[in-house]
Each structure stands twice: as structure tokens, then as C-alpha cells.
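> Start counting the sequence shown at 1; every next residue gets the next number (the UniProt record's numbering).
Cβ coordinates follow ideal geometry from the N, Cα and C atoms, glycine included.
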Amino acid sequence: MADLKTAIEATESAATLAGAIIGTIDVFAVTKHDSVYCHGNTDGSGDDTAQKAAYGCEYKLNELQASATLLTSDNIDTAGYTKLADSSDGTALTSGTTTKYILAYHAADQSAFSNAGGTYNTLVGGLFGFNTPSKFTRAKYKTVDAKGTRTTAAPKSAAFHAYAALKQSFVAAPVTEGPALITNIVNNGMLKTAIADQLAQRRHEKKTTTHDNEAEQIIKEKYKLEGNTIKELWENIKKSEVADITKTDGSKKQIQQINGDDILLQTITLYNAKALEEISRLEAAAAEKPAPKTNKEKTPTEEQCRQHETTGPCQKEGCEFDETKTPRCFPKPSENKEEKKDKQDAKTTNTTGSNSFIINNAPLLLAVLVL
Numbered sequence: 001m002a003d004l005k006t007a008i009e010a011t012e013s014a015a016t017l018a019g020a021i022i023g024t025i026d027v028f029a030v031t032k033h034d035s036v037y038c039h040g041n042t043d044g045s046g047d048d049t050a051q052k053a054a055y056g057c058e059y060k061l062n063e064l065q066a067s068a069t070l071l072t073s074d075n076i077d078t079a080g081y082t083k084l085a086d087s088s089d090g091t092a093l094t095s096g097t098t099t100k101y102i103l104a105y106h107a108a109d110q111s112a113f114s115n116a117g118g119t120y121n122t123l124v125g126g127l128f129g130f131n132t133p134s135k136f137t138r139a140k141y142k143t144v145d146a147k148g149t150r151t152t153a154a155p156k157s158a159a160f161h162a163y164a165a166l167k168q169s170f171v172a173a174p175v176t177e178g179p180a181l182i183t184n185i186v187n188n189g190m191l192k193t194a195i196a197d198q199l200a201q202r203r204h205e206k207k208t209t210t211h212d213n214e215a216e217q218i219i220k221e222k223y224k225l226e227g228n229t230i231k232e233l234w235e236n237i238k239k240s241e242v243a244d245i246t247k248t249d250g251s252k253k254q255i256q257q258i259n260g261d262d263i264l265l266q267t268i269t270l271y272n273a274k275a276l277e278e279i280s281r282l283e284a285a286a287a288e289k290p291a292p293k294t295n296k297e298k299t300p301t302e303e304q305c306r307q308h309e310t311t312g313p314c315q316k317e318g319c320e321f322d323e324t325k326t327p328r329c330f331p332k333p334s335e336n337k338e339e340k341k342d343k344q345d346a347k348t349t350n351t352t353g354s355n356s357f358i359i360n361n362a363p364l365l366l367a368v369l370v371l
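1) Could you give the first and the last residue of the continuous beta strand (DSSP E) run that contains Q254?
2) Can you round the beta-carbon distance between P331 and T299 to whole angstroms, since I take them to be within the 8 Å contact cut?
3) Check whether the segment 174-194 touches the segment 241-260, counting contact only when three or more Cβ pairs, one atom from each stretch, lie closer than 8 Å.
4) Using DSSP with H/G/I as helix, E/B as strand and the rest coil, what is C305?
5) In three-state terms, what does DSSP make of E177?
6) Is there contact between the segment 246-261 and the segment 215-229, where contact requires at least three CB pairs shorter than 8 Å?
7) Report the three-state DSSP secondary structure of E323 (helix, strand or coil).
8) Do you know how far the Cα of T301 is from the Cα of T326?
9) Compare the Cα-Cα distances from I263 to each of I245, Q256 and Q254 and report the closest residue.
10) For E317, collect the residues of the same chain with a Cβ closer than 7 Å to its Cβ; drop the 5 residues on either side in sequence, then sort them by chain order.
11) When DSSP labels each residue in this structure, what does A243 get in the three-state scheme?
12) Between which two residues does the alpha helix (DSSP H) carrying N213 extend?
13) According to DSSP, C329 sits in a beta bridge with which residue or residues?
14) Quick one: residues in its chain with C-beta nearer than 8 Å to the C-beta of Q256, no 5 flanking neighbours on either side, listed in chain order?
15) Determine the direct distance from the alpha carbon of N236 to that of Q198, and round the result to whole angstroms.
16) Tell me the rounded alpha-carbon separation between Y271 and D322.
17) Within the continuous alpha helix (DSSP H) that includes G189, where are the two ends?
18) Give the straight-line distance between the Cα atoms of C314 and A284, rounded to the nearest whole angstrom.
19) At what residues does the alpha helix (DSSP H) containing Q315 begin and finish?
20) Take Q266 and list the residues in its own chain whose beta-carbon comes closer than 8 Å to its own, dropping the five residues that flank it on each side.
21) Which of helix, strand or coil does DSSP assign to T229?
22) Could you check what DSSP says for I237 in three-state terms: helix, strand or coil?
23) Rounding to the nearest angstrom, what Cα-Cα distance links H211 and K147 in this structure?
24) Just mark A215 as buried or exposed, buried being the case when its beta carbon has 16 or more other beta carbons within 10 Å.
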């Protein structure tokens with residue numbers, strides 16, 4: 001029973017921290033204490049609409065109606081903003097409203113816009129305070145708590161500082177040449193994980209760890225760190241031709257000619273989706289194809305055939321009869337040719353499998369590098 005209680009508490013703690021991290025990234029990355037953010041229902045009706053210009057806000061993702069100091073983050077800038085969730089019943093939010101509001105917090109009444117006495121609530125643990133019916137600011141809480149140990153700090157504070165450190169390390173990371181990036185992801189295991197995941201997707205499996213050995217073998221053969229292997233691979237990736245998604249005429253361009261990370265990521269997504277779709281189609285076709293006939297099932301052996309000396313019994317056995325040959329009764333040669341062809345096809349498939357992974361997955365490798 002104690003173990004169950006511990007597990008439940010751990011799950012609740014993890015959920016709380018995960019929610020705080022999401023909130024931190026989307027809302028709490030604020031640099032100025034007087035930043036302003038507006039809220040409202042879908043069309044903004046009744047939500048102090050006349051004051052939108054004064055607040056410098058819009059209730060949809062449009063251009064701002066007036067200059068204002070906005071929350072400073074990658075997701076919110078002078079081109080627009082991400083609208084907060086509407087009130088639960090869609091009614092207007094004014095100074096007299098007690099409508100439930102998912103981001104508001106006030107003592108025991110954690111989801112009300114204001115308490116019973118009409119006092120404005122604060123947002124999620126007190127990082128923001130409401131000063132007017134239609135906006136909130138950081139005027140009340142200028143800073144988050146100082147960084148402490150993760151075991152004692154409040155989840156919102158720990159999440160804020162963790163995100164700040166992560167963002168700083170990302171911004172400060174130096175630009176590295178392609179071959180060095182490939183070498184890094186080979187050494188740190190990131191490429192192995194990505195390849196194992198791709199192999200699992202191809203086979204409609206969830207557990208990627210079952211493909212670790214196969215992924216290691218692909219890396220050992222195709223991503224050798226010795227010599228110029230990585231450098232040559234990078235050059236081939238850059239020169240690979242892909243569809244130009246900015247045009248509608250079906251034209252192609254080299255990967256190195258794509259301008260903008262957003263276009264590159266969209267191209268990668270398109271090719272990964274097409275690859276999985278094609279793999280599914282081929283697998284379905286292979287499943288519907290009847291199994292090839294085997295010699296054991298249909299073709300008699302040479303010993304069985306040579307026992308017959310006349311045409312009737314020989315042909316009844318499934319053999320071929322020729323009076324001029326010795327032995328006169330023998331297995332049909334057509335079956336042997338088909339068997340030989342099947343073996344050759346299987347051999348071709350086996351030898352090209354690992355090569356095709358590299359040839360067809362330049363976008364996959366680029367996705368790993370971009371991440």
C-alpha cells in the first residue's frame with residue numbers, strides 16, 4: 001500500500017512539473033515587469049472591446065492595433081500573440097465576472113477569475129496579477145523565486161530556471177560544420193536512437209530497443225569515423241535533390257539550396273511521411289502476394305524421376321520424358337530456373353537493404369542534425 005501511495009504521489013508531482021514547464025515556455029518567459037497581455041473570449045465581444053486599442057491588444061492572431069510592451073519571448077512578438085484559453089462558458093470577462101478561468105488562481109477557488117469579494121486573482125501561483133478586467137501584468141510580481149535546489153523549489157520556479165538555462169545554452173551554442181555535427185551524434189548515441197526509431201516505424205513497432213543492434217551495424221558500416229567517410233556523406237546529403245515545396249510545378253532543388261530552416265523542416269516532414277506511406281504500401285503488397293511454389297511441394301527429385309522408363313508414369317510423377325536423353329525421365333528444367341531466379345531476387349534484396357537506408361534517408365539524418 002505504501003508503494004502504491006508513493007507511486008501516485010510521484011505521478012502527481014511529475015504531472016505538476018510537466019504542466020509548469022509548458023506554462024513556463026509559453027507564458028512565463030518574461031523579461032520586463034510591466035509587460036502587458038490581454039485575454040478574452042473568441043470574438044472579444046463584451047470584453048472591454050473599446051479598450052483594446054488602449055491596451056495594445058487583439059483577441060485573435062492579428063496585427064496589433066497600437067504599440068504596447070508585450071511579453072518578450074520567441075512565441076510572442078510585435079507580429080501577434082498566442083491567445084489565452086477562453087473562459088469555460090464563453091461569457092465576457094469583466095470586473096463583475098466570476099467565470100471560471102483556467103489560468104487564474106485564488107486560494108481555494110483556484111479557477112475563478114475573481115473571488116467572492118470581487119478581488120482580482122493572480123495567475124498560476126502568483127507570477128502575474130490582474131490590474132484591470134481585460135489584462136494582466138507582472139507589476140505585482142517582478143521576479144520569480146531565486147534558483148534553489150530542485151527538491152525544495154516550487155515547480156514553477158524550478159521549471160523557469162531550467163528553461164532559462166536550456167535556452168541560454170542553445171543560444172550560446174557555436175555553429176558547427178556538418179561533418180562535425182554528424183560525428184557528434186554518432187558519438188553521443190543520438191543517431192543510433194534515431195535510426196532504431198525509424199526502423200521500428202517501418203515495421204509498425206513501438207519498442208525501438210529491439211533494433212539497437214541493427215542500428216549499430218548500419219552506423220558501423222555507413223558512418224565510419226575514420227578517413228573521409230563522414231565528409232563525403234555530408235557532401236552527398238547536401239547535393240541530394242528534393243522537391244521544391246515552394247513551387248507547384250514539380251521542380252526539384254538540392255538540399256543545400258533550400259533557404260530557411262522552416263522550409264527545410266517542412267521538406268523533411270514531407271519526405272518522412274512519404275517514405276512511411278511507401279513502406280506501408282510495399283508491405284501490404286508483399287502480404288497479398290501468394291507464396292512461391294517450392295520444389296518440395298511440386299517438383300519431384302531426380303531420383304524419383306529416373307525410376308520411370310516410360311512416358312506415362314514419368315509424366316504422372318511430374319517429370320519430363322525424352323527418349324534421346326539419359327536418364328530419359330528427369331525433373332522439369334523450368335522449375336529449376338524459377339527457383340534460381342527467386343534465390344537471386346532474395347540475394348539482391350538482402351545486399352541492398354542497408355544501402356537503401358542511407359540513400360533514402362538524407363532527410364532523416366538532416367532532421368536529427370536540426371534537432
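Quick look at the numbers:
1) Note, Q254: beta strand (DSSP E), K252 to Q254.
2) The C-beta distance from P331 to T299 rounds to 6 Å, short enough to meet the 8 Å contact threshold.
3) With a cut-off of 8 Å, the segment 241-260 and the segment 174-194 do not count as touching, because too few Cβ pairs lie within range.
4) C305 falls in the helix class under three-state DSSP.
5) Residue state, collapsed to three classes: coil.
6) The segment 246-261, when compared against the segment 215-229, does not touch it at the 8 Å Cβ threshold.
7) The three-state secondary structure of E323, taken from DSSP, is coil.
8) Per the coordinates, the alpha-carbon of T326 lies some 15 Å from the alpha-carbon of T301.
9) Measuring from the Cα of I263, the nearest candidate turns out to be I245.
10) For E317, same chain residues with a beta-carbon under 7 Å away, outside a window of 5 residues either side, are P300, Q304, C305 and H308 in chain order.
11) When secondary structure is reduced to three states using DSSP, A243 falls in the strand class.
12) D212 to K222 is the extent of the alpha helix (DSSP H) around N213.
13) The partner list for C329 (beta bridge, DSSP) reads F321.
14) Taking Q256 as the centre and dropping the five residues before and after it, the same chain places the C-beta of K238 and K239 closer than 8 Å to its C-beta, in chain order.
15) It is roughly 21 Å from the alpha-carbon of Q198 to the alpha-carbon of N236.
16) Between Y271 and D322, the C-alpha separation is close to 57 Å.
17) Looking at the DSSP string, G189 is not in any alpha helix (DSSP H), and its letter there is neither H nor E.
18) Using only the alpha carbons, I get a separation of about 41 Å.
19) T311 to K316 is the extent of the alpha helix (DSSP H) around Q315.
20) Within the same chain, Cβ atoms closer than 8 Å to the Cβ of Q266 are found at I245, the five residues on either side in sequence being excluded.
21) Of the three classes helix, strand and coil, the one that applies to T229 here is helix, per DSSP.
22) Note: I237 maps to helix in three-state DSSP.
23) Distance between the alpha carbons of H211 and K147: 41 Å.
24) Around the beta carbon of A215, 16 or more other beta carbons lie within 10 angstroms, which makes this residue buried.
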